Amino acid sequence: MITLIAAAAENNALGKDNQLVWHLPDDFKRFKALTTGHYIIMGRKTFESFPKPLPNRTHVIITRQTDYAYENCIVVHSLEAAIASCPNDEENYIIGGAEIYRQALPFADKIELTRVHATFEADAFFPEIDEKEWKIESEEFHPSDEKHLCAFTFQTFTKR
Numbered sequence: 102m103i104t105l106i107a108a109a110a111e112n113n114a115l116g117k118d119n120q121l122v123w124h125l126p127d128d129f130k131r132f133k134a135l136t137t138g139h140y141i142i143m144g145r146k147t148f149e150s151f152p153k154p155l156p157n158r159t160h161v162i163i164t165r166q167t168d169y170a171y172e173n174c175i176v177v178h179s180l181e182a183a184i185a186s187c188p189n190d191e192e193n194y195i196i197g198g199a200e201i202y203r204q205a206l207p208f209a210d211k212i213e214l215t216r217v218h219a220t221f222e223a224d225a226f227f228p229e230i231d232e233k234e235w236k237i238e239s240e241e242f243h244p245s246d247e248k249h250l251c252a253f254t255f256q257t258f259t260k261r
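Just so you know, we're using our numbering here: the sequence shown kicks off at 102 and counts up by one.
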């Protein structure tokens, strides 16, 4: 199973200059809870935005650089090769960036989206979710508070 997992603003903004433009601790907790123990597929720039590999996950990095390598990570040169390197009988997560999400949408079975209830200036955007192809299975609203400057909703979509 292929699941896209992302946090995107109302205008589908994902980030700017390879960084998130908000800080939502509960979103990080959900991301960790869902992806721990699984394969996570990402583009090279997304991988390099982390201070170090995320613990307890198998990293699959997509890059055009033929000589790219990173210890204890799987490096491939296409989304198809990334998917093929993951176990078929498990949930595998696509974690970004924007171009990888766009390429992966046709392969996805599920989308775990944190919809951030604000708009942001960005240079990376999540693809539009076509309501004819996807249906919302669950939603959980979280108001803004002292740790979360923006309200947000956890949304789970499945393919129709």
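Backbone N, C-alpha and C define an ideal beta-carbon position, used for all residues, glycine too.
Remember, predicted model here, so these are calculated numbers, not experimental data.
Cα-Cα, which of the options is closest to residue i?
i	options	result
L125	K260, F258, A252	A252
F242	W235, T254, K233	T254
G116	S150, G138, I141, D127	S150
Using a Cβ-Cβ cut-off of 7 Å (strictly less than) and excluding sequence neighbours within five positions of residue i, which residues of its own chain qualify?
i	result
Y202	L105, A107, I195, F227, P228
L122	Per the sequence presented here, residue 122 reads as Val, with Leu not at that position. Within the same chain, V122 has close Cβ partners A114, G116, F221, A223.
C174	P154, H160, I162
Kindly list the residues whose CB is nearer than 8 Å to the CB of residue i, restricted to its own chain and excluding five residues on each side of it in sequence; keep chain order.
i	result
T220	A110, E111, N112, A114
P188	Y140
D118	D224
With a CB to CB cut of under 6 Å and the five nearest residues on each side skipped, what residues in its chain are close to residue i?
i	result
K211	T104, T259
E238	T257, T259
H249	L125
E240	T254, Q256
Per DSSP, which one or two residues make a beta bridge with residue i?
i	result
Y140	T159
W123	Looking at the DSSP assignment, W123 forms no beta bridge with any residue, so it has no partner.
R216	A109, T254
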